[in-house]
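For reference, the structure discussed in these notes is given below.
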Amino acid sequence: MGDPRVKGTRAFAQIERGMIESRVRISVFSVWEVGLLEAKGRISLPVSPREWLRQTLEKPGVSLAPFTEDIALDANELPGDFHADPVDRILVATARRLGMDIVTADREILSYAKKHYIRAVPL
């Protein structure tokens, strides 16, 4: 949310609205990916990934999404044609199971959303 490229976008507005309604969920798999990308130097955070997560979860309306056995199994049973990346499958299954929009820049997920299997907001 601190990225100036995101402010003023539809995704930013949706996230802000979701925070007001206490509906923003972050997958533990997204947390893992942020840590991995930061460790590889592909993204730069102003604080450590651990501190980023702490600060993010302190914001009103933001919490971790559960990773349940149903979501784990749903990830193997996604309708239509979706690629094999296990983390993307879990993120999509989580959004479907929780009935939530997924905010993403991932082209595969956005393409899947165009087939109406999930709701996605481009980042």
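So that you can map any letter, position 29 of the sequence shown is 151 in the working numbering, and since no number is skipped, the others follow by simple counting.
For glycine and all other residues, C-beta sits at the position ideal for the given N, C-alpha and C.
Since this is a predicted model, take the numbers as computed values, not measurements.
Spatial distance of residue i from residue j (CA atoms)
| i | j | result |
| --- | --- | --- |
| residue 169 | residue 217 | 27 Å |
| residue 222 | residue 190 | 16 Å |
| residue 166 | residue 131 | 21 Å |
| residue 219 | residue 161 | 30 Å |
| residue 208 | residue 141 | 27 Å |
| residue 136 | residue 173 | 24 Å |
| residue 159 | residue 232 | 20 Å |
| residue 227 | residue 139 | 19 Å |
| residue 176 | residue 211 | 25 Å |
| residue 183 | residue 153 | 17 Å |
Contact under 8 Å by Cβ, residue i with residue j
| i | j | result |
| --- | --- | --- |
| residue 186 | residue 150 | yes |
| residue 225 | residue 245 | yes |
For residue i, the three-state DSSP class (helix, strand or coil)
| i | result |
| --- | --- |
| residue 149 | coil |
| residue 212 | helix |
| residue 171 | helix |
| residue 245 | coil |
| residue 178 | helix |
| residue 200 | coil |
| residue 135 | helix |
| residue 144 | coil |
Local Cβ density within 10 Å of residue i, reported as buried at 16 or more and exposed below that
| i | result |
| --- | --- |
| residue 240 | buried |
| residue 144 | exposed |
| residue 203 | exposed |
| residue 197 | buried |
| residue 192 | exposed |
| residue 164 | exposed |
| residue 235 | buried |
Expected contact under 8 Å - CB spacing of residue i and residue j to nearest Å
| i | j | result |
| --- | --- | --- |
| residue 133 | residue 214 | Their Cβ separation, rounded to whole angstroms, is 17 Å, which puts residue 133 and residue 214 out of contact at 8 Å. |
| residue 230 | residue 205 | 5 Å |
Chain B within 8 Å of residue i, Cβ atoms only
| i | result |
| --- | --- |
| residue 238 | No chain B is part of this structure, which consists of one protein chain only. |
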